[in-house]
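K.L.:
A single structure is presented below for examination.
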Amino acid sequence: MKRLRAIPFIALLCAGSAALPGTVWSADLTPIRVSYQPALYWALPFYVATEKGWWAEVGLKPEFSVFPAGVPQIAAAASKSWDVGGTGSVPAVLGYQRFGIQVIGLTNDESQGNVLMASKARYDAVRRNPASLKGQTIVLTSNSTGDYAVQACLKKYGLTKADVTLKNMGQAEIISAVSSGNADYAGVWAPYDYTLEEKAGARVLCSGKDGGASVPGALVTRGEFEKQHPDEVAKFLAVYLHAWAWMKAHPDQAVAMMKKFYQEGGVNISDDSMRKEFATRPTFDLKQQLAAMDRTKGASQADDSFTKIAQFMHASGALASVPEAKDYIDDSAMKRVLDDPKLAAFAMDGSK
């Protein structure tokens, strides 16, 4: 169910005191509806940009919609309740085939942030003999990047989906199940893995990266919205990239803001765990974004990663067919950022 996030908007009302004074594109702010999932690393730029007043710097006024997972987030696109946002790669592909969602950039590389975990009581035994997972029940969120990573890990162990029982749960339910001793194996994504480590003593058996799975996060827009409002989509991307640039230049302040953002989303983890988020989850600046989507020499890096994810979804029955990556991964909005000198400079500047 859709709900609006109560992120403070005082910064938007005080654009004159925001970062980069004097560079506001317009006195009139254009509303743009942004969707995301709370207390996730890749969603932090939305919070930081709002606190810093950077949306107003490019003439935008965001209206946020928050969803517990990617599937309900994507489903909400059918009612046109959001325009742009971030989500996992699995729901992004599903969103294209069902609702014409377009991937316009990458939020981060979350290959290490989607993991298979075992309870404290079971961890050592499975590490010694991964085949002992056969016949066990793994709780996870179906049709998610967590699901994708778990199945990659099973393959690494010489097992298949048919060798285990996969039980669908939301991430918060998974935390409760493992913490209460009602589940021993779980597929989760960060920061929920840190919560399980710190609160329940669970440990990571295998990450998507360990299993050879590339798991990019996706910046997305409704295809119809991008056609009607290309400039707004480009400005949205510029704000997102600017926030990452600033966080890389100000790591201590970024961690402090992450703590507030996570706490508002009901997630409490240590500062060390938050720093691990930054250390293990690469993000992409403007030039790196364009390089990841570059098709001048054939299929792009992004094409390859998303096609493998689509193949996984087709095998699971979530997709009727495997779509061509070029039909839904579109770098035109990112190129519009690059082609606008003022917007490009803003996107790359992390000083203020």
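Quick note on numbering: the sequence shown equals residues -26 to -1, 1 to 326 in mature numbering (1 follows the signal peptide of the UniProt record, and there is no 0).
Ideal placement from N, C-alpha and C gives every residue a C-beta, glycine not left out.
In chain order, what residues of the same chain lie with their CB nearer than 6 Å to the CB of residue 369, ignoring the 5 residues before and after it?
P.N.:
Residue 369 is absent from the model: the chain starts at -26 and stops at 326.
K.L.:
Going straight from the alpha carbon of GLY239 to that of ALA13, what length do you get?
P.N.:
Each residue's Cα considered, the two are about 5 Å apart.
K.L.:
Please report the Cβ distance between ILE75 and ARG269, rounded to the nearest whole angstrom; I am assuming they are in contact, meaning their Cβ atoms lie under 8 Å.
P.N.:
With 8 Å as the limit, ILE75 and ARG269 do not qualify as a contact, their Cβ atoms being about 20 Å apart.
K.L.:
Whole angstroms are fine: how far does the CA of LEU128 sit from the CA of residue 357?
P.N.:
Nothing in the structure corresponds to residue 357, since the chain is present only between -26 and 326.
K.L.:
What's the call for PRO36, buried or exposed, on a 16-neighbour Cβ count within 10 Å?
P.N.:
Answer is buried; the Cβ neighbour count reaches 16.
K.L.:
Report all residues from its chain with a CB closer than 8 Å to the CB of ASP301; omit the five preceding and five following residues, and keep chain order.
P.N.:
These residues qualify, in order along the chain: TYR70.
K.L.:
Output the residue ranges of the beta strand (DSSP E) runs that lie fully inside the region 188 to 212 and measure 3 residues or longer, sorted by chain position.
P.N.:
Within the region 188 to 212, the complete beta strand (DSSP E) runs of at least 3 residues are 190 to 196.
K.L.:
Residues bridged to ALA92 by DSSP?
P.N.:
Looking at the DSSP assignment, ALA92 forms a beta bridge with TYR159, ARG177.
K.L.:
Can you say whether residue 335 is buried or exposed, counting buried as having 16 or more other CB atoms within 10 angstroms of its CB?
P.N.:
Residue 335 falls outside the range modelled here, since the chain spans only -26 to 326, and no answer is possible.
K.L.:
Under the rule that 16 or more other beta-carbon atoms within 10 Å means buried, what is PRO315, buried or exposed?
P.N.:
The residue in question, PRO315, is exposed, as its Cβ has fewer than 16 Cβ neighbours within 10 Å.
K.L.:
Based on Cα-Cα distance, which residue from GLU31, PRO65, ARG101 lies nearest to ASP2?
P.N.:
The shortest C-alpha separation from ASP2 is found at GLU31.
K.L.:
Pull up the distance between the alpha-carbon of MET91 and that of ALA160, whole angstroms please.
P.N.:
Between MET91 and ALA160, the C-alpha separation is close to 5 Å.
K.L.:
Per DSSP, which residues does THR61 bridge with? Please list them.
P.N.:
According to DSSP, THR61 bridges with ALA192.
K.L.:
Would you mind stating whether residue 328 and LEU193 have Cβ atoms separated by less than 8 Å?
P.N.:
This structure cannot speak to residue 328, because the chain is shown only from -26 to 326.
K.L.:
What residue ranges within the region 223 to 308 form continuous alpha helix (DSSP H) runs of no fewer than 4 residues, ordered along the chain?
P.N.:
You should have 225 to 238, 245 to 254, 260 to 266, 275 to 290.
K.L.:
Which residues in the same chain have their Cβ closer than 7 Å to the Cβ of GLU81, if we skip the five residues on either side of it in sequence?
P.N.:
It is worth fixing the name first, because residue 81 is Thr in this sequence and not Glu. For THR81, where only same-chain residues beyond five positions count, the Cβ hits under 7 Å are TRP16, GLY60, GLY191, ALA192, LEU193.
K.L.:
Note the first and the last residue of the continuous beta strand (DSSP E) segment covering GLY79.
P.N.:
It spans 75 to 83 - the beta strand (DSSP E) in which GLY79 sits, taken as one unbroken run.
K.L.:
Measuring CB atoms only, is the region 221 to 238 touching the region 134 to 154, in the sense that at least three cross pairs come out at less than 8 Å?
P.N.:
Contact fails: fewer than three Cβ-Cβ distances are below 8 Å.
K.L.:
What do you reckon, are the CB atoms on TRP56 and VAL22 nearer than 8 Å?
P.N.:
Not closer than 8 Å, so no.
K.L.:
In angstroms, rounded to a whole number, what distance separates the CA positions of ASP226 and LYS250?
P.N.:
Those two C-alpha atoms are separated by around 13 Å.
K.L.:
Starting from PHE38, follow the beta strand (DSSP E) in both directions and report where the run begins and ends.
P.N.:
Taken as a continuous stretch (DSSP letters only), the beta strand (DSSP E) holding PHE38 covers 34 to 40.
K.L.:
Going by DSSP, name the residue or residues bridged to THR4.
P.N.:
THR4 is bridged to LEU34.
K.L.:
Taking the CB atoms as reference points, tell me whether PHE210 and LEU317 lie closer together than 8 Å.
P.N.:
Result no, Cβ atoms of PHE210 and LEU317 do not sit closer than 8 Å.
K.L.:
Which one or two residues does DSSP pair with VAL9 in a beta bridge?
P.N.:
According to the sequence provided, residue 9 is Ser. The question's Val does not apply to it. DSSP, once it has assigned bridges, lists SER39, GLY59 as partnering SER9.
K.L.:
Looking at ILE303 and VAL77, is the spacing between their C-beta atoms short of 8 Å?
P.N.:
Yes, they are a contact pair.
K.L.:
Could you give the DSSP three-state label for LYS326: helix, strand or coil?
P.N.:
Three-state DSSP puts LYS326 in coil, outside helix and strand.
K.L.:
Assuming VAL100 is part of the alpha helix (DSSP H), what are its boundary residues?
P.N.:
Element bounds for VAL100: 97 to 102.
K.L.:
Do ASN117 and VAL213 have their C-beta atoms within less than 8 Å of each other?
P.N.:
For ASN117 and VAL213, no; Cβs fall outside 8 Å.
K.L.:
Would you tell me roughly how many angstroms separate the C-alpha atoms of ALA208 and ILE112, rounded to the nearest one?
P.N.:
Approximately 40 Å between the Cα atoms of the pair.
K.L.:
Can you give me the Cβ contacts of GLY144 inside the same chain, cut-off strictly under 8 Å, excluding the 5 residues immediately before and after it?
P.N.:
The residues are PRO42, ALA43, THR115.
K.L.:
Check the C-beta distance from PRO256 over to ASP83 and give it rounded, since I have them as a contact under 8 Å.
P.N.:
Indeed they touch by this definition, with Cβ atoms about 4 Å apart.
K.L.:
Answer with yes or no whether the minimum CB distance from ALA43 to chain C is below 8 Å.
P.N.:
In the structure shown, chain C cannot be found, because there is only a single protein chain.
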